[in-house]
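Under the numbering used here, the first residue of the sequence shown carries the number 11, and numbering increases by one thereafter. Written below as structure tokens is the structure these notes are about.
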Amino acid sequence: MILSDNNKNNNIKNENLKPQETDFDKTFDNKFENSIRPKTFNDYIGQSALKETLKISIEASKKRGVSLDHLLFYGPPGLGKTTLAGVIANELGTGIRITSAPALERPRDIIGILMSMKAGEVLFIDEIHRLNKIAEEILYPAMEDFSLDITTGKSQTVKTLRVAVPKFTLIGATTKAGALSGPLRDRFGIIHRLEFYNIDELKAVIKRTAKILEVDIEERGAYAIAKRSRGTPRIANRLVKRVSDFAIVKYNGKITEDIANEALDNLCIDSWGLDNTDRAMMKLIIEKYDGGPVGVETLAAALGEDVKTIEDVYEPYLLQSGLIQRTPRGRKVSPEGYRCLGIDVPAYNGQKSLF
Ligand SMILES: Nc1ncnc2c1ncn2[C@@H]1O[C@H](COP(=O)(O)OP(=O)(O)OP(=O)(O)O)[C@@H](O)[C@H]1O
Ligand SMILES: [Mg+2]
């Protein structure tokens, strides 16, 4: 059972595929996402080492009748952090409270949630790196000893009361593990980085989603979509939906390799899985800054994006694919990046340093 504190958590995040989403799109996409979101470890594709660790921890916590250790998942958007929290609660056979750090602005927000948890339940805090200091300090004893230190009175009459809270499991998720304070990070039993998915895993995600959508898809069709999914299940799922719409409207509904490629070309997603914003960013570095290095703030201003979106959404995949490189003086496009854009690789790059 998923009890959501606010709708924000279910919102589709800024996806480069759809920069100008309407409320209707969001509602529709939320329904679509919920229908395909895995509920069990069996449905949750990839991340096998992590799943094995979690299965053992869950089994042990059930046998010992204690709550599961607190978990922190981090990694780029759309890799399955929120989904995994839901799967864990489901496998534990318990409820999950979903919230995000910006919704825990006042002390009473976090205290209210902690006091109302049931023993063994999961508390999922998204964007946990954005917790304010007060909320963090309330969480420390709650995570460690399942208690809250509540202060009453003023100056000389001040008293601190220790109140017990039900034994819960905190699952934190963030795209920015580096921004988490040390004391908070240290209180998690398992800290795990979710990695980009390989082509076979993405194909499995795509075939599973096609099955749920009752769409016929050929092996090569699934491969064509997987290749352009940026290593990200959320994007793979969106592409299946888009390609399937295309196949229904223009052809007989079946997704073949040719149909997938035609549909993806129409969406301006190239064979690297890059979209217009990725390409615009790389082109900008090449054309305006001689291939870099250029600071992320400068890039963000020139692209009209905020720094966070570039760092959390666009950059991780470009870095992982080796298309751009991060240097102490900023970002630069790699020779592979030039080739991917069909631009000749210069002999010298950026500040005249040889590749
Ligand atoms: N391992 C997986 N197997 C199958 N589908 C997955 C998997 N991981 C994620 N998905 C699909 O991808 C979508 C995005 O996943 P999710 O919302 O959990 O990502 P996230 O890491 O929480 O992203 P964000 O950082 O933006 O919050 C989900 O709706 C789910 O359907
Ligand atoms: Mg999430």
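Here a beta-carbon is modelled for each residue, glycine too, at the ideal position from N, C-alpha and C.
Spatially closest choice to N247 from I108, K213, T266, D275, by CA coordinates: Taking the first residue of the sequence shown as 1, we reach residue 247 at position 237. The residue from I108, K213, T266, D275 with its alpha-carbon nearest to that of N247 is K213.
Complete alpha helix (DSSP H) runs within the stretch 140 to 201 (minimum length 4 residues, chain order): Within the stretch 140 to 201, complete alpha helix (DSSP H) segments of at least 4 residues are found at 143 to 155, 192 to 196, given in chain order.
L237 to T184 span [Cα, whole Å]: Indexing the sequence shown from 1 puts residue 237 at position 227. Indexing the sequence shown from 1 puts residue 184 at position 174. The sequence shown places Lys at residue 237, rather than the Leu named in the question. Taking the CA atoms as reference points, K237 sits about 26 Å from T184.
Cβ separation of L190 and I138, assumed to be a contact under 8 Å, to the nearest whole Å: Sequence index remark: in the sequence shown, residue 190 carries index 180 (1-based). Sequence index remark: in the sequence shown, residue 138 carries index 128 (1-based). Between I138 and L190 the Cβ distance is about 7 Å, and since that is below 8 Å, they are a contact.
is_contact[A290, chain B] using C-beta, thresh 8 Å: Looking for chain B here will not work: only one protein chain is present.
Nearest residue (CA-CA) to P326, options R240, T170, E101: Mapped onto the sequence shown, residue 326 falls at position 316. Among R240, T170, E101, the Cα nearest to that of P326 belongs to R240.
Simplified DSSP assignment, three categories, for G340: Within the sequence shown, the letter at position 330 stands for residue 340. Judged by DSSP in its simplified three-state form, G340 adopts strand.
Exposure of P303, with buried meaning 16 or more beta-carbon neighbours within 10 Å: Numbered from 1 along the sequence shown, position 293 holds the residue referred to as residue 303. Buried.
Identified DSSP bridge partners for L82: Against the sequence shown, residue 82 aligns to sequence position 72. Answer is G182, I201.
Ordered list of alpha helix (DSSP H) runs contained in the stretch 288 to 322, each at least 4 residues: Whole alpha helix (DSSP H) segments, 4+ residues: 306 to 313.
C-alpha distance - A99 paired with I68, whole-angstrom precision: Walking along the sequence shown from the start, residue 99 turns up at place 89. Walking along the sequence shown from the start, residue 68 turns up at place 58. Rounded to the nearest whole angstrom, the CA to CA distance from A99 to I68 is 10 Å.
Helix, strand or coil at D136 [DSSP, three-state]: The residue labelled residue 136 in the question sits at position 126 within the sequence shown. D136 falls in the strand class under three-state DSSP.
Inter-stretch contact (C-beta, 8 Å, three-pair minimum) for the stretch 193 to 202 and the stretch 115 to 128: By the C-beta criterion, the stretch 193 to 202 is judged not to be in contact with the stretch 115 to 128, since fewer than 3 inter-stretch pairs fall below 8 Å.
Contact under 8 Å by Cβ, L102 with V132: Within the sequence shown, numbered from 1, the residue matching residue 102 stands at position 92. Within the sequence shown, numbered from 1, the residue matching residue 132 stands at position 122. For L102 and V132, yes; Cβs fall inside 8 Å.
Assigned secondary structure, I279 (DSSP; H/G/I helix, E/B strand, else coil): Looking up residue 279 in the sequence shown gives position 269. Correct three-state label for I279: coil.
Q330: CB within 7 Å of a non-hydrogen atom of ligand 1: Within the sequence shown, the letter at position 320 stands for residue 330. Not so, every heavy atom of ligand 1 lies at least 7 Å from the Cβ.
Cβ neighbours of T170 in the same chain (closer than 6 Å, five flanking residues each side left out): Looking up residue 170 in the sequence shown gives position 160. Same-chain partners within the cutoff: D159, T161.
Distance, K217 Cα to K91 Cα: For this step, residue 91 is matched to residue 81 along the sequence shown. For this step, residue 217 is matched to residue 207 along the sequence shown. For K91 and K217, the distance between alpha carbons rounds to 21 Å.
Proximal residues to A174 (C-beta, below 7 Å), its chain only, five neighbours per side dropped: As a first step, residue 174 is located in the sequence shown; it is residue number 164 there, counting from the start. Take A174, set aside five residues on each side of it, and the residues of its chain with a beta-carbon closer than 7 Å to its own are F156, S157, in chain order.
Alpha-carbon to alpha-carbon, S254 and L274: Here residue 274 refers to the residue found at position 264 of the sequence shown. Here residue 254 refers to the residue found at position 244 of the sequence shown. Rounded to the nearest whole angstrom, the CA to CA distance from L274 to S254 is 11 Å.
Short Cβ contact (8 Å threshold) for L313 with M291: Locating residue 313 in the sequence shown gives position 303, where the first residue counts as 1. Locating residue 291 in the sequence shown gives position 281, where the first residue counts as 1. Contact: yes.
Residues proximal to ligand 2 by C-beta, any heavy atom closer than 6 Å: By the rule of a C-beta closer than 6 Å to any heavy atom of ligand 2, the residues picked out are K91, T92, D136, A183.
Cβ contact (3+ pairs, closer than 8 Å) linking the stretch 294 to 303 and the stretch 320 to 340: Below 8 Å, enough C-beta pairs join the stretch 294 to 303 and the stretch 320 to 340 to call them touching: three or more.
Opening and closing residue of the alpha helix (DSSP H) in which I222 lies: Looking up residue 222 in the sequence shown gives position 212. For I222, the enclosing alpha helix (DSSP H) has its first and last residue at 209 to 222.
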